[in-house]
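The structure under discussion appears below in the form of structure tokens.
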Amino acid sequence: MAGETTAPAVDLSGKWQLDRNENFDEFLKAAGFAWITRKLINSVTTVLEIGQDGDRFTISTNTPVGVRVTSFTLGRAYPETNPMFGDGEHRVLAEWEGAKLVQRVVPDTASIGDVDEVPRTFEREIVNGELVVTIRRGDVATKRYFKKL
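Everything in the sequence shown is counted per my numbering, starting at 6 for the first residue and increasing by one.
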């Protein structure tokens, strides 16, 4: 059910290493990433570190290029700068939808210069022991599969 801020019995915490992608290059292309940037993004090893304490989360995305840290509380909009959401800073709201942690760009806050206003979400869930991250931008989606370290 959309809008849930009470944590279900799902623990996403831990260290997760990217194992494989589905439709990732096509997603990046549709999001406007140049060919060379797509090749670079596709070639790096990604490790996620997720800290979960009740309704508070910290997600560190670690790549050879650097570390990006996002901290948020469920049900409260927060500023997010993530190239997968688009250029600039956006307001994002995170909530449980069933057993999925969903981060969604608040629709009326597309950054200046990012006028496409398409729906953008990150969904995180555990499927068969893997962390599956589904990223949606409009009607294009990719799935990224992570194994727990």
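Cβ coordinates follow ideal geometry from the N, Cα and C atoms, glycine included.
- Message: Which runs of the alpha helix (DSSP H) at least 4 residues long sit entirely within the region 6 to 79? Give them in chain order.
- Response: 29 to 35 and 40 to 48
- E128 to K148 span [Cα, whole Å]: The count along the sequence shown starts at 1 and reaches residue 128 at position 123. The count along the sequence shown starts at 1 and reaches residue 148 at position 143. C-alpha separation (whole angstroms): 9 angstroms.
- Query: To the nearest angstrom, how far is it from the Cα of E100 to the Cα of E94?
  - Reply: Along the sequence shown, read from residue 1 onward, the residue named residue 100 stands at position 95. Along the sequence shown, read from residue 1 onward, the residue named residue 94 stands at position 89. Taking the straight line joining both Cα atoms gives about 19 angstroms.
- Please work out which residues of its chain come closer than 8 angstroms, Cβ to Cβ, to V49, disregarding the five sequence neighbours upstream and downstream, and give them in chain order. Locating residue 49 in the sequence shown gives position 44, where the first residue counts as 1. The answer, listed in chain order, is T68, P69 and V70.
- Query: What first and last residue would you give for the beta strand (DSSP E) that runs through R149?
  - Reply: In the sequence shown, residue 149 corresponds to position 144, counting from 1. That run of the beta strand (DSSP E) goes V145 to K153.
- Can you round the beta-carbon distance between R96 and V111 to whole angstroms, since I take them to be within the 8 angstroms contact cut? Residue numbering aside, residue 96 sits at position 91 when the sequence shown is read from its first letter. Residue numbering aside, residue 111 sits at position 106 when the sequence shown is read from its first letter. Confirmed, Cβ separation roughly 4 angstroms.
- Message: Just verifying my parser: in three-state terms, what is the DSSP assignment at I117?
- Response: Position 112 of the sequence shown, counted from the first residue, corresponds to residue 117. In this predicted model, I117 has a pLDDT of only 45, less than 50, meaning its place in the structure is not dependable; the value taken from the coordinates is given anyway. The answer is coil: DSSP assigns I117 none of H, G, I, E or B.
- Task: Might you give, ordered along the chain, the residues of its own chain that have their beta carbon closer than 6 angstroms to the beta carbon of T63, omitting 5 neighbours on each side?
- Result: Looking up residue 63 in the sequence shown gives position 58. Taken in chain order, the residues that qualify are G56 and S76.
- Closest by C-alpha distance to D60, when choosing among R81, V52, K152 and N26: Locating residue 60 in the sequence shown gives position 55, counting from the first residue. Taking only the C-alpha atoms, the option nearest D60 is R81.
- For I140 and F32, believed in contact at Cβ under 8 angstroms, the rounded distance: As a position in the sequence shown, residue 32 is number 27, starting the count at 1. As a position in the sequence shown, residue 140 is number 135, starting the count at 1. Going by Cβ atoms, the distance from F32 to I140 rounds to 7 angstroms, so yes, they are a contact pair.
- Identity of the residues DSSP links to T126 by a beta bridge: In the sequence shown, counting from the first residue as 1, residue 126 sits at position 121. Answer is R109 and R141, bridged to T126.
- CB contact flag (R142, A35, <8 angstroms): To locate residue 142, count along the sequence shown from 1; it is residue 137. To locate residue 35, count along the sequence shown from 1; it is residue 30. Cβ distance < 8 angstroms, so R142 and A35 count as in contact.
- Task: With DSSP as the reference, please indicate the residues paired to R96 in a beta bridge.
- Result: Mapped onto the sequence shown, residue 96 falls at position 91. DSSP output for R96 lists P84 as bridge partner(s).
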